[in-house]
Amino acid sequence: MLDSVAAFQARLPLPATCLAPELWRYKNEGNANIILTSTSRDPRCLHPGLAYLLFQMIGSVTRPGFLTFQSDLKIVAGLRGLALRIRKCDVETGTISSKTKAPRTTPGYAEELDYIHQVIAPLLGIEYMVPMHLLPVTPSFLTALDRRIQSDRPETRWHKCIDTRQEHVVITVDLTGHPYSGAAHGDFSPGPATFSVEIKCLSPRSVKRTTCRFCMKKYRDVDSSTDPPSSFCPMDLYSGSPARMESAFEALYTQPRNNLLLFRSDGSVMPRSAWEDLVHQFFERIIPVHTTLVSSSSILDTLLTPLLITILQQEPVLQRLSRWQQYLDTWDVEGLVALLGDVRSRDDGTKPAVNNLLDPPTAEEWAEVLATIDPETRPSLPRTTRELRHAVLKHLISATLKDCSVFISLWVNPASHRTVPAPTLDETEVGRTGFLKVRWNDRGYLEAEPNPDETTTGTRVFYTVHLIDLDPKPVKNLAKYYANDQAIVANYLSRNIRKSCA
């Protein structure tokens, strides 16, 4: 674990190089944030303080004490490109400048990073958190960025734009960049083969104990879509059973929607039609593909699925997510709303405390809630307003965990790079979570062995695993969560469909 909270969310000095709009290009966005990625990995584009903090962050998580200050610019430039995470807001009048006069009501990034470090990291593991820092910005910089990326954004996202009222944005490493490039040797040509996979894990929670919420929701989603319901079930992914996990990925390949994304090393999201080529090219560079055995229709099942299953079985991310999603949401939003209604109906002099049940939580409250978490103790029904407040905040934590994604990046030792000296093993391993050795077995199937010893045959494939989209959920949304939950269940029951997700 990191030695200090300050290292996790440091407020960096204002580096002019990072505030050049031309350094950034559009990458992706969700409902609340836009992600930009740097256009250069030249270490001269990195502010020394930023490079050192990122370097310290990565080094302290993966290989404590390994890196030295003298190598920070080279190593950080070689590790990853940079990324900006910028808050969005509704376009109210169609002009960017008009937004600057309106007050902001959403929590800032400082609160979000506090929440991730203080609440989420102890539950899921600091090793799976993404290094992030606060970067002071100006309205003119944000306005210039908003105009610069407008044409690159999908039209379906144009109802929101960059919130130019922010005082800080988050600067971090670009997880889609390869962790080693020629930059460490003064060469900024394209690096080795790499790609990344983002899996939206969703909730495995289970009319609600037999059918998971995702499988109920997809029947409501089909009403507004021309596609049939997906056969993907998160319970298959969480099961740990290779056969069920294979079924989960097969369903995701068929209908990925927003539950599975593949990225190239330049950070671009690959269209579904290009997935087979991307995966095939990656494996062609590291291990001869048995083209007679691998048809174009089975490339993902044959090559990608074994790696993803091996990694997800080796790393405890899904087990931790499942454990805390269920433990922290003991009463479900339906039960919480009923308990809140019961407390509010009392006339016992507790009204001031009741009115505070849905106030925004403080850092002190998050710490207090975390101290009450004991998975070995069976939760008891909240009997006081304080206990009910804790139950509400635990539900919000579980909502964060149900909406996050697992981000896996894969790369190989670029020993075949012609213009760059082969890296040392240490350089290649910086920032990794683990590695596999892949090979074809006697039956012609791909095998992936996690963290093998030196006697194991096969080609090394390094990987990182991170959990992303861990922002806190607003307590004011509890009523919306309840209404949405009721609509999903009612729609599912009206169809007379019964599916067991156990």
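Numbered according to the working numbering, the sequence shown spans residues 5 to 506.
Beta carbons: idealized from backbone N, C-alpha and C, even for Gly.
For R248, the three-state DSSP class (helix, strand or coil): Note: R248 maps to helix in three-state DSSP.
task: Just the C-alpha distance for D333 and R499, rounded to the nearest angstrom, thanks.
output: 27 Å
query: Do the segment 112–120 and the segment 459–470 meet, that is, are 3 or more Cβ pairs less than 8 Å apart?
result: no
task: Determine contact between the segment 251–269 and the segment 167–174, defined as no fewer than three beta-carbon pairs at a distance below 8 Å.
output: no
Span of the beta strand (DSSP E), counted from its first residue to its last, around H470: 463–472
message: If I follow the unbroken beta strand (DSSP E) through L138, where does it start and stop?
response: For L138, the uninterrupted beta strand (DSSP E) segment begins and ends at 136–140.
task: Scan the segment 110–179 and note each continuous beta strand (DSSP E) run of 3 residues or more that stays entirely inside, going in chain order.
output: 136–140, 164–166, 172–177
Residues near D407 by beta carbon distance below 7 Å, same chain, minus five either side: These residues qualify, in order along the chain: D473.
message: Taking contact to mean 3 or more Cβ pairs, one atom from each stretch, closer than 8 Å, check whether the segment 333–342 and the segment 442–460 are in contact.
response: no
message: Considering only DSSP beta bridges, list what P454 is partnered with.
response: Bridge partners of P454: L440.
message: With H, G and I counted as helix, E and B as strand and the rest as coil, what does DSSP make of S277?
response: helix
field: T404 - DSSP class collapsed to helix/strand/coil
entry: helix
- prompt: Straight-line CA distance for R324 to S144?
  reply: 42 Å
Among Y132, L400, L146, nearest to I39 - alpha-carbon criterion: L146
- prompt: Nearest CA to the CA of S206: which residue from Y119, Q330, N445, H284?
  reply: According to the sequence provided, residue 206 is Leu. The question's Ser does not apply to it. Answer by Cα proximity: Q330.
query: Rounded to a whole number of angstroms, what is the C-alpha to C-alpha distance between F199 and L362?
result: Distance between the alpha carbons of F199 and L362: 42 Å.
field: Coil, strand or helix - A87 by DSSP
entry: strand
- request: Going by DSSP, name the residue or residues bridged to V410.
  value: I203, L471, per the DSSP bridge assignment.
For F267, the three-state DSSP class (helix, strand or coil): strand
message: By the three-class DSSP mapping on this structure, what secondary structure does Y449 have?
response: coil
message: Only counting the same chain, and skipping five residues up and downstream in sequence, which positions put a Cβ closer than 8 Å to that of S243?
response: M249
- prompt: In this structure, does DSSP put S234 in helix, strand or coil?
  reply: coil
query: Whose C-beta lies closer than 7 Å to the C-beta of R2 among residues of the same chain, with five residues either side of it excluded?
result: Within the shown structure, residues of the chain are numbered from 5 to 506, placing residue 2 beyond reach of any answer.
field: C-alpha gap between N445 and F439, whole angstroms
entry: 19 Å
- prompt: Excluding the five sequence neighbours on either side, which residues of its own chain have a C-beta within less than 8 Å of the C-beta of T463, listed in chain order?
  reply: I290, I291, V416, K441, V442, R443
task: Leaving out five residues on either side along the sequence, give the residues of the same chain with a beta carbon under 7 Å from the beta carbon of H163.
output: D94, V95
- request: Please name the residue or residues paired with T198 in a DSSP beta bridge.
  value: BP columns for T198 point to W415.
- prompt: Can the beta-carbon of D178 be found closer than 8 Å to that of L86?
  reply: Yes, these two residues count as a Cβ contact at 8 Å.
query: If we ignore side chains and look at the alpha-carbon of each, how far apart do K480 and P364 end up?
result: 8 Å
query: Would you call the CB atoms of Y496 and A403 closer than 8 Å?
result: no
message: Restricting to Cα atoms, I'd like to know which of I124, S413, V373, V410 is closest to K398.
response: Taking each of I124, S413, V373, V410 in turn and checking the Cα distance to K398, the smallest one comes out for V373.
- prompt: Given that a residue counts as buried once 16 or more other Cβ atoms are within 10 Å of its Cβ, and exposed if not, what is Q490?
  reply: By the 10 Å Cβ count, Q490 comes out exposed.
CA nearest to the CA of T1, picked from V273, A148, L23: Residue 1 lies beyond the range of the chain shown here (5 to 506); nothing can be said about it.
field: Residue burial classification, P310 (beta-carbon count within 10 angstroms, cutoff 16)
entry: buried
- prompt: Taking Cβ positions, are L322 and V283 nearer each other than 8 Å?
  reply: no
message: Taking the alpha-carbon of A148 as reference, which of W279, L23, A252 has the nearest alpha-carbon?
response: L23
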